[in-house]
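In what follows, a structure is listed as structure tokens, so that the remarks can point back to it.
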Amino acid sequence: MSAPAAPRPTLPTPSPGSAAVAATAPAPTATGTTATTAATRRRGLLDWRVRFAILSVVWGFSFLLIKVGTEAYAPFQVALGRVLFGALALMAVLLVRREPLPRGLRTWGHLTVAALLLNTAPFSLFAYAELSIPSSLAGICNATSPLWGMALSLVALSEDRPTRRRFAGLGLGFLGVLTVLGAWHGFSGVDAKGTAFALLASLCYPIGWIYVRRTLAGTPGSPVALTGGQLMVSTLQLALVSALFTSAPTSFPLWPTLSVIALGALGTGMALQMQYGLVTEVGPTTAQMVTYFIPVIATTAGVLVLGEQLHWNTPVGAAIVLAGAALTQTRTAPRKLA
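Just so it is clear: in the sequence shown, position 57 is 355 by our numbering, and no numbers are missing.
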């Protein structure tokens, strides 16, 4: 029996471990229904607010883990370890659930593009960015994804109609970016290349979401299976790139190695699994609010753990960015007929 058509999803907000299914939310198949039922039975283990807090911390610390990983490994290698251990974590979940990977050349072809846009490119760009910018700044740049997404959706998605509030949010958000970067000082003290890499990484997410929304919405298979397949493809892509452009590491220092493992297994693998449970339990709107806590935690972690400097314009600009991002996600309620 074929799966029912998936409802038209809204463009999601970003996360450091963004994956295809975060944007597609496919309708459950027989396998997906079983997985959803199992997830429902496990809800009582931890209150959703606790899981929400854990998810915020895990994704907020992702930028610190990237920074520590780049102390010993090349950026492509950090990205490779991230998707590899993320894929292994999700493969373990699929093995326990006895769920198959996606099938069909067409599905795998679209997952290949999704992996490039949502994993391979942004993960590599963030790692390169953090060679020269603080992890806190990278976390704030990540928060601009809803702004890019709103701007792109107005062009690429005909159902996303512009409103005054959303345009105001877009302008406010980019004003926040200028505040973070200290535009009135001529951007002095800010590494232009690293910041550009981080902003470009954030732009990759909405481009990937729009592609996925047009090509993979309604694809049979559970979110974990689709994301696991996507991370497997990204692992192959980054393994090839790393082999061509980097040298094999000569040593495996403890903390950078543990950081990359945690970044993949927790921040890219199990955190996504936790997010799916939150979406099922409290809905996508509430679950996506985690995005607005990520830069706060990333900044706090960078300052307290790594000793990164914090100037007044960084938290103020971050707050403006988040306010603008929140406005771009608001939608006008449909008018009721008299």
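Note that beta-carbon positions come from the ideal geometry of N, C-alpha and C, so glycine has one too.
Below 7 Å CB to CB, which residues in the same chain sit around residue i once its five sequence neighbours on both sides are set aside?
i	result
I505	L415 and L450
A530	For the record, residue 530 in the displayed sequence is Met; it is not Ala. Hits under 7 Å: A385.
F543	F374
L564	V356
T535	The sequence given here places Gln at residue 535; Thr does not occur at that position. Same-chain partners within the cutoff: A413, L414 and T418.
T368	V376, A425, E428 and L429
I431	D489, G492, T493 and A496
V614	T477
T513	H408
S540	F374, Q375 and L378
Measuring CA to CA, which of the options is closest to residue i?
i	options	result
G562	Y574, F359 and F350	F359
P420	G526, A560 and L498	L498
G379	W346, L556 and A413	L556
T493	V453, T442 and G527	T442
C502	V411, L564, D345 and R396	V411
T273	G402, F591, A481 and V381	Past the edges of the chain, shown from 299 to 636, lies residue 273, and the structure says nothing about it.
M568	I352, S500 and A624	I352
L423	K365, F495, G474 and V453	F495
L524	I431, A624, M389 and L473	M389
Q528	Q607, G474 and L570	L570
F350	V453, P582, G516 and A623	P582
W553	D345, V366, F383 and V348	V366
S612	A560, G605, T597 and A621	Ser is not the amino acid found at residue 612; the sequence shown has Thr there. Nearest C-alpha to T612: T597.
I618	D345, A387 and V475	V475
Y590	T533, W507 and N440	N440
A624	L576, G600, Q586 and A599	Q586
Let's see if you can read the secondary structure: which residues bound the alpha helix (DSSP H) around residue i?
i	result
S433	S433 to N440
E503	Note that residue 503 is Tyr in the sequence shown, not Glu. Segment A490 to T513, the alpha helix (DSSP H) holding Y503.
V355	W346 to G358
R463	R462 to L479
E579	A569 to V580
P398	Where P398 is concerned, there is no enclosing alpha helix (DSSP H), given that its DSSP letter is neither H nor E.
Please go through the same chain and pick out, in chain order, the residues whose beta-carbon is closer than 8 Å to the beta-carbon of residue i, but skip the five residues on each side of it.
i	result
V355	I595
T626	P444, L445, G447, M448, R464, G467, L468 and G471
V603	L362
For residue i, collect the residues of the same chain with a Cβ closer than 6 Å to its Cβ; drop the 5 residues on either side in sequence, then sort them by chain order.
i	result
I438	V478, P593 and A616
G519	P400
W610	none
M572	R349 and L353
Helix, strand or coil for residue i, going by three-state DSSP, please let me know.
i	result
H408	helix
G519	coil
P551	coil
G615	helix
V603	coil
F424	helix
S430	coil
T418	helix
T626	helix
T368	coil
L608	coil
T544	coil
P324	Bear in mind that the predicted position of P324 carries a pLDDT of just 40, short of 50, making it unreliable; the figure below should be weighed with that in mind. Correct three-state label for P324: coil.
F591	coil
A385	helix
A621	helix
Please find out if some non-hydrogen atom of the ligand MN comes closer than 6 Å to the beta-carbon of residue i.
i	result
F495	The ligand MN is not among the ligands present in this structure, which contains no ligands whatsoever.
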